[in-house]
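Read the structure below first, then the notes.
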Amino acid sequence: MYFMKRLLLLLLLTCFLNGAVFLNGVNLDEVDCHYLTVEIDEDLRKTQVYADCGRDEPEHRRRVTDKEGETKLFHSVSGALNFFCRNGWEIKDIYTKSSRGSDVSSTYTSTTHYVLQRGADI
Numbered sequence: 013m014y015f016m017k018r019l020l021l022l023l024l025l026t027c028f029l030n031g032a033v034f035l036n037g038v039n040l041d042e043v044d045c046h047y048l049t050v051e052i053d054e055d056l057r058k059t060q061v062y063a064d065c066g067r068d069e070p071e072h073r074r075r076v077t078d079k080e081g082e083t084k085l086f087h088s089v090s091g092a093l094n095f096f097c098r099n100g101w102e103i104k105d106i107y108t109k110s111s112r113g114s115d116v117s118s119t120y121t122s123t124t125h126y127v128l129q130r131g132a133d134i
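So the sequence shown is numbered by my numbering: it starts at 13 and just counts up by one.
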């Protein structure tokens, strides 16, 4: 009986703690994707995450979503990175891309990209 209770508890924890990462409603566990490049767009009110797993898709189709396809919002960059970590992804590299603003001024913007690798146990 003790063994059965522990097994049931372990199964329940696995279901609740090991969710899934969805890109535009598609579960990445069901796609042959071992690396992701993640761009985190931080706003004053919300943090959205875009991920590229090597498919040729426009940015609006690379949103991190829930299973229904609704955009998943985070409170911070750390919250987004912790979400990926809890779901079996590890940070392998971080780089910044600079680009010139769209107006005539000489302002540059930079975007930080995180290269994540799916953990070996997934």
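Just so it is clear, CB atoms sit at the ideal spot from N, CA and C, and this is done for glycine as well.
Under 8 Å between C-beta atoms of residue i and residue j
i	j	result
T123	H87	no
V38	I52	no
Bridge partners - residue i, DSSP secondary structure assignment
i	result
N39	F34
T59	E54 and F86
Given residue i as reference, the closest of the options once Cα atoms are compared
i	options	result
V127	T121, R112 and Y107	Y107
Rounded straight-line distance, which links the Cα of residue j to that of residue i
i	j	result
D105	H125	8 Å
K84	T77	5 Å
I103	E54	19 Å
C65	A32	15 Å
Where residue i falls: helix, strand or coil (DSSP)
i	result
L48	strand
R74	coil
L93	helix
Residue i Cβ short of 7 Å to the ligand ADP heavy atom set
i	result
E102	Among the ligands in the structure shown, none appear at all, so the ligand ADP cannot be discussed.
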